[in-house]
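Residue numbers (full-length UniProt numbering): 1 to 239. Quick reminder that beta carbons are idealized off the backbone N, C-alpha and C, glycines included.
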């Protein structure tokens, strides 16, 4: 049994809508490392992340973590998620959000823990600020912290470096590499060529809701998917 299994998953938002995801099947193991999820806008990347996280419920097919359905509490306890669109609660400071989220996850959290995590993710200077008042890049870093800091078995990250400056991006990449070292399963949706080539051990290409290709990387120059991705990126297709 694979820790993460997707079996013939299909999803659409409303009954009369077209399928956004159509008959997807794949599995990831603790040896998969970091898997990049790529595809043009509208290919279904964010929808897949939302289905995998349990936020959206598949209409057809199944998603299981260690044999448990994606929507169950048991499964959600294994998953760290950073979504593409972030909206933090109003009137809560950064330190309050960190403390609340980790307490909900059943972790014993002290002020020292919060300060250490904030320092790890370059957020020490905004701990006392309202999270909604932060820049987009700082909000993304907070979302990455909430996903990564507690070291879950499975990570689902939608554009984890979008809107980040160089130092913040390098920080996130270090944490992702550390997750690989402890053999976490990591799936990142990305359209950043450098991110994919520097981090990823495998690639899944979505096209109009289908898996068009999937491969383990054996050197960037040998990857048909990444070479095609690089070509189409120059044309402004993957944006």
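Using DSSP with H/G/I as helix, E/B as strand and the rest coil, what is residue i?
i, result
"residue 130", "strand"
"residue 110", "coil"
"residue 191", "coil"
"residue 92", "coil"
"residue 237", "Because the pLDDT of residue 237 is 49, which lies under 50, any placement of that residue in the model is unreliable, and the number read from its coordinates should be weighed accordingly. Three-state result, residue 237: coil."
"residue 184", "coil"
"residue 141", "helix"
"residue 74", "helix"
"residue 161", "coil"
"residue 86", "coil"
"residue 230", "helix"
"residue 153", "coil"
"residue 205", "strand"
"residue 67", "coil"
"residue 2", "coil"
"residue 124", "helix"
"residue 8", "strand"
With a CB to CB cut of under 6 Å and the five nearest residues on each side skipped, what residues in its chain are close to residue i?
i, result
"residue 44", "20, 21, 206 and 209"
"residue 223", "217"
"residue 5", "27 and 64"
"residue 239", "The predicted model places residue 239 with a pLDDT of 46, which falls under 50 and marks its position as unreliable; any figure quoted below should be read in that light. Once the five neighbours on either side are set aside, residue 239 has no close Cβ partner at all."
Looking only at C-alpha atoms, which of the options sits nearest to residue i?
i, options, result
"residue 18", "212, 30, 142 and 59", "59"
"residue 227", "176, 193 and 34", "193"
"residue 109", "148, 81, 231 and 96", "96"
"residue 12", "67, 61, 160 and 177", "61"
"residue 161", "136, 179 and 181", "136"
"residue 33", "201, 158 and 229", "201"
"residue 69", "149, 190 and 51", "51"
"residue 134", "102, 87 and 176", "87"
"residue 190", "31, 100 and 40", "40"
"residue 166", "154, 195, 177 and 213", "195"
"residue 35", "214, 229 and 230", "214"
"residue 25", "170, 212, 178 and 229", "212"
Leaving out five residues on either side along the sequence, give the residues of the same chain with a beta carbon under 8 Å from the beta carbon of residue i.
i, result
"residue 138", "123 and 126"
"residue 198", "173"
"residue 93", "127, 128, 129, 130 and 131"
"residue 242", "Any property of residue 242 remains undetermined from this structure, which presents the chain solely from 1 to 239."
Leaving out five residues on either side along the sequence, give the residues of the same chain with a beta carbon under 7 Å from the beta carbon of residue i.
i, result
"residue 91", "130"
"residue 2", "27, 28 and 29"
"residue 117", "98, 145 and 149"
"residue 107", "150"
"residue 169", "161"
My guess is that residue i and residue j are in contact by the Cβ rule of under 8 Å, so how many angstroms apart are they, rounded?
i, j, result
"residue 164", "residue 140", "6 Å"
"residue 47", "residue 56", "7 Å"
"residue 82", "residue 187", "11 Å between Cβ atoms; not a contact."
"residue 225", "residue 203", "5 Å"
"residue 80", "residue 155", "5 Å"
| In chain order, which alpha helix (DSSP H) runs of at least 4 residues are fully inside the stretch 14-56? | 45-53
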